[in-house]
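*Asks:* Structure provided below as structure tokens; questions to follow.
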Amino acid sequence: MSRVWLVLVALAVVTPVSAAEKPNIVVIVGDDMGYADVGFHGCKDIPTPNLDALAKAGTRFTSGYVSGPYCSPTRAGLLTGRYQTRFGHEFNGAGADVGLPLTEKTLADRLKAAGYATGWVGKWHLGNADKFHPQKRGFDEAFGFLGGAHPYFPGKGEPILRGTKDANETEYLTDAFGREAVAFVDKHKAKPFFLYLAFNAVHTPMHATDERLKKFADIKDNTRRTYAAMMWAMDEAIGKLVAKLKAEKLDKSTLIVFFSDNGGPTMQGTTINGSVNAPLRGSKRTTLEGGVRVPFVMSWPGQIPAGATFDAPVIQLDVLPTALSAVGVEVKADWKLDGVNLIPHVTGGAKGVPHDALFWRFGQQTAVRKGDWKLVRYDATADGGKGTTAARLYNLASDIGEKTDLSAKEPDKVKELQVAWDEWNKGNVAPLWGGGKK
5 MSRVWLVLVA
15 LAVVTPVSAA
25 EKPNIVVIVG
35 DDMGYADVGF
45 HGCKDIPTPN
55 LDALAKAGTR
65 FTSGYVSGPY
75 CSPTRAGLLT
85 GRYQTRFGHE
95 FNGAGADVGL
105 PLTEKTLADR
115 LKAAGYATGW
125 VGKWHLGNAD
135 KFHPQKRGFD
145 EAFGFLGGAH
155 PYFPGKGEPI
165 LRGTKDANET
175 EYLTDAFGRE
185 AVAFVDKHKA
195 KPFFLYLAFN
205 AVHTPMHATD
215 ERLKKFADIK
225 DNTRRTYAAM
235 MWAMDEAIGK
245 LVAKLKAEKL
255 DKSTLIVFFS
265 DNGGPTMQGT
275 TINGSVNAPL
285 RGSKRTTLEG
295 GVRVPFVMSW
305 PGQIPAGATF
315 DAPVIQLDVL
325 PTALSAVGVE
335 VKADWKLDGV
345 NLIPHVTGGA
355 KGVPHDALFW
365 RFGQQTAVRK
375 GDWKLVRYDA
385 TADGGKGTTA
395 ARLYNLASDI
405 GEKTDLSAKE
415 PDKVKELQVA
425 WDEWNKGNVA
435 PLWGGGKK
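With positions in the sequence shown counted from 1, the corresponding number in my numbering is that position plus 4.
What follows is the structure in structure tokens.
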């Protein structure tokens, strides 16, 4: 029997399989992408043919979320399958003792224990100290940078590492990450592997190659033009990875999932990159939809529906349990995972929705979504104000842009959602660093 292969551009799953059928897993994450800035969400000025092909070949999650409106918290949730507020990783941070707590096991740890070759390519942002290094967190191979942002042209910024050594990288960074992802697949194609490909595109600084900038000469705004060129570079890199899978005749036995780590930064106090979150309101750094609702797709030809949409809310925490189910690793209760296995829901084998409710805490900002209802306290800077708003209630089915506050008309719903959030919050801890630390 041929072995099943599985690529997770940010999530994955199947029913338990025999050792001979263990799938490969590739998790791909974009950085600071605007919700509107992919073709499958209707973008007109930036073509994303490879991402669009993934959406066409698989299922698009119309309510795909991340558990944090910032880079590092989302990554902490992704690799653990747990709300990052469970273990204090609530904010971005810096310093020798700041990083993904060593109490937490990562997806790489779990898959390495299951016999997988594991590799990370791209942006880490889970701690700069040696104890937090990817190769101390379950990854056999590592290529990329450890911080939260990096110049795209060689010769500046922190070293690009191969393992723990300076790689002396000479290529445009997004191209280098695509090259390394393809090389990892080529090296490990004969045995099960897990690749975590975490682009820093399209995070600032705004750097693009001249050739790609020329392609978007008709975009008059310089920041938007550079952003478009950076998006194009990332889409090209993903295309090369998919092409490699096809060349190795792995495409029809490959699961691919893709999402962005948070919404586009469009408000003061963030490193604005020219992204657009329409029709969502809000930005990276807020618990409004524009901060936590992201492009999110999964493709696996012949295994999950093609050209389909899945409307119930899902979250990047689902990646870990989905992937573990795919490879036949039993999830244990004492791991206290918050994510769920998505494949039965996507294929129609499971009854009900993946999550009764989803929750967020980011300092004084909070949110809970239950069904179509969302109760949110958000950074008022998104509206040009100061501080954090009082709780506001929105019905996302009729008001995806969170424009009409229904809290005065629906006090019982406000109470219901607040009670749910309070109960969830009992399982959280104080942040280990950053704003709101006690």
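Don't be surprised by glycine CBs; every beta carbon is placed ideally from N, CA and C. Keep in mind it's a predicted model, so treat the numbers as computed, not measured.
Please classify A434 as buried or exposed, where buried requires at least 16 neighbouring CB atoms within 10 angstroms.
*Replies:* Exposed is the call here.
*Asks:* Express the C-alpha separation of G159 and E173 in angstroms, rounding to a whole number.
*Replies:* Each residue's alpha carbon lies about 8 Å from the other.
*Asks:* For T84, count neighbouring Cβ atoms within 10 angstroms of its own Cβ and tell me buried if that reaches 16, exposed if not.
*Replies:* Per the 10 Å Cβ criterion, buried.
*Asks:* Taking all protein chains shown into account, decide if A212 is buried (16 or more other Cβ within 10 angstroms of its Cβ) or exposed.
*Replies:* When all chains shown are included, A212 counts as buried.
*Asks:* Look at the alpha carbon of P459 and the alpha carbon of G332, and state the distance between them as a whole number of angstroms.
*Replies:* Absent from the structure is residue 459, since the part of the chain shown begins at 5 and ends at 442.
*Asks:* Using the Cα positions of N277 and F157, report the straight-line distance between them to the nearest angstrom.
*Replies:* Looking at the two C-alpha atoms, the distance is approximately 17 Å.
*Asks:* How would you label Q272, buried or exposed, when you count the other beta carbons within 10 angstroms and need 16 or more for buried?
*Replies:* It is exposed - the Cβ of Q272 has fewer than 16 other Cβ atoms within 10 Å.
*Asks:* Just to confirm my understanding: we take T178, look at its own chain, exclude 5 residues before and 5 after, and list those with CB closer than 6 Å. What are they?
*Replies:* A205, A237, M238, A241, listed in sequence order.
*Asks:* Counting along the chain, where does the beta strand (DSSP E) carrying Q369 start and finish?
*Replies:* 369 to 374 is the extent of the beta strand (DSSP E) around Q369.
*Asks:* Given that a residue counts as buried once 16 or more other Cβ atoms are within 10 Å of its Cβ, and exposed if not, what is N345?
*Replies:* Buried, by the Cβ-count rule.
*Asks:* Mind reading off the beta-carbon distance from G81 to F366? Whole number of angstroms is fine, and I expect it under 8 Å.
*Replies:* With a Cβ gap of about 12 Å, G81 and F366 do not count as contacting.
*Asks:* With H, G and I counted as helix, E and B as strand and the rest as coil, what does DSSP make of K441?
*Replies:* Low confidence applies here, because K441 scores a pLDDT of 43, under 50, leaving its location unreliable; read the following figure in that light. In the structure shown, K441 sits in coil (DSSP, three-state: anything other than H, G, I, E or B).
*Asks:* Whether or not the stretch 146 to 157 and the stretch 223 to 230 are in contact is what I'm after, with contact meaning three or more pairs of Cβ atoms, one per stretch, closer than 8 Å; do they touch?
*Replies:* Judged by Cβ distances under 8 Å, the stretch 223 to 230 makes no contact with the stretch 146 to 157, as fewer than three pairs qualify.
*Asks:* Could you check what DSSP says for Y231 in three-state terms: helix, strand or coil?
*Replies:* Of the three classes helix, strand and coil, the one that applies to Y231 here is helix, per DSSP.
*Asks:* Is it true that the CB of P305 sits closer than 7 Å to the CB of K26?
*Replies:* For K26 and P305, no; Cβs fall outside 7 Å.
*Asks:* Looking at the secondary structure, which residues open and close the alpha helix (DSSP H) in which E420 lies?
*Replies:* 415 to 429 is the span of the alpha helix (DSSP H), which, as asked, contains E420.
*Asks:* Could you give the distance in angstroms between the alpha-carbon of A57 and the alpha-carbon of G103?
*Replies:* For A57 and G103, the distance between alpha carbons rounds to 35 Å.
*Asks:* So, helix, strand or coil for D411, using DSSP?
*Replies:* In the sequence under discussion, the amino acid at residue 411 is Ser, which differs from the Asp named in the question. Correct three-state label for S411: coil.
*Asks:* For Y74 and N281, which I take to be in contact (beta-carbon distance under 8 Å), what is that distance rounded to the nearest angstrom?
*Replies:* In fact, because the Cβ distance is near 15 Å, the residues do not count as touching under 8 Å.
*Asks:* Beta strand (DSSP E) containing N54: first to last residue?
*Replies:* First-last for N54: 53 to 61, but that is the alpha helix (DSSP H), not the beta strand (DSSP E).
*Asks:* Using C-beta distances below 6 Å, list every residue in its chain close to T313, excluding the 5 sequence neighbours before and after it, in chain order.
*Replies:* So the list reads R64, T66, once near-sequence residues are dropped.
*Asks:* Contact defined as beta carbons within less than 8 Å: I believe V370 pairs with W425. What is the distance between those atoms, to the nearest angstrom?
*Replies:* Here the sequence assigns Thr to residue 370, which means Val is not the residue at that position. Indeed they touch by this definition, with Cβ atoms about 6 Å apart.
*Asks:* Expressed to the nearest angstrom, what Euclidean distance is found between the alpha-carbon atoms of D134 and K140?
*Replies:* Looking at the two C-alpha atoms, the distance is approximately 8 Å.
*Asks:* Is it right to say K355 is buried, meaning 16 or more other beta carbons lie within 10 angstroms of its own, or is it exposed?
*Replies:* Label assigned to K355: exposed.
*Asks:* Using a Cβ-Cβ cutoff of less than 6 Å, which residues in the same chain neighbour D113 once the five nearest sequence positions on both sides are dropped?
*Replies:* The answer, listed in chain order, is G142.
*Asks:* If you pair each beta-carbon of the stretch 41 to 59 with each one of the stretch 317 to 334, do three or more pairs fall below 8 Å?
*Replies:* No, the stretch 41 to 59 is not in contact with the stretch 317 to 334.
*Asks:* Exposed or buried, which one is K248 when buried takes at least 16 other CB atoms within 10 Å?
*Replies:* Buried is the call here.
*Asks:* With DSSP run on the structure shown, which of helix, strand or coil describes F188?
*Replies:* In this structure, F188 counts as helix in the three-state DSSP scheme.
*Asks:* For A146, which beta-bridge partners are listed by DSSP?
*Replies:* A146 pairs with W124.
*Asks:* Name the two residues that bound the continuous alpha helix (DSSP H) containing S329.
*Replies:* Where S329 is concerned, the enclosing alpha helix (DSSP H) stretches over 323 to 331.
*Asks:* In the DSSP assignment, find the alpha helix (DSSP H) that holds I276 and state where it starts and stops.
*Replies:* Taken as a continuous stretch (DSSP letters only), I276 belongs to no alpha helix (DSSP H), as it is neither H nor E.
*Asks:* Taking 6 Å as the cut-off, does the CB of K417 come closer than this to any heavy atom belonging to the ligand NAP?
*Replies:* In the structure shown, the ligand NAP is absent, as is every other ligand, since no ligand is present at all.
*Asks:* So, are the CB atoms of M37 and S287 less than 7 Å apart?
*Replies:* No, the Cβ-Cβ distance between M37 and S287 is not below 7 Å.
*Asks:* For H207, I'd like the list of residues in its chain whose CB is within less than 6 Å of its CB, leaving aside the five on either flank, ordered along the chain.
*Replies:* Within the same chain, H207 has close Cβ partners D35, D36, A153.
*Asks:* Helix or strand or just coil, what does DSSP make of L111?
*Replies:* Helix at L111.
*Asks:* If the criterion is Cβ atoms closer than 7 Å, does the pair E406 and E293 meet it?
*Replies:* Yes.
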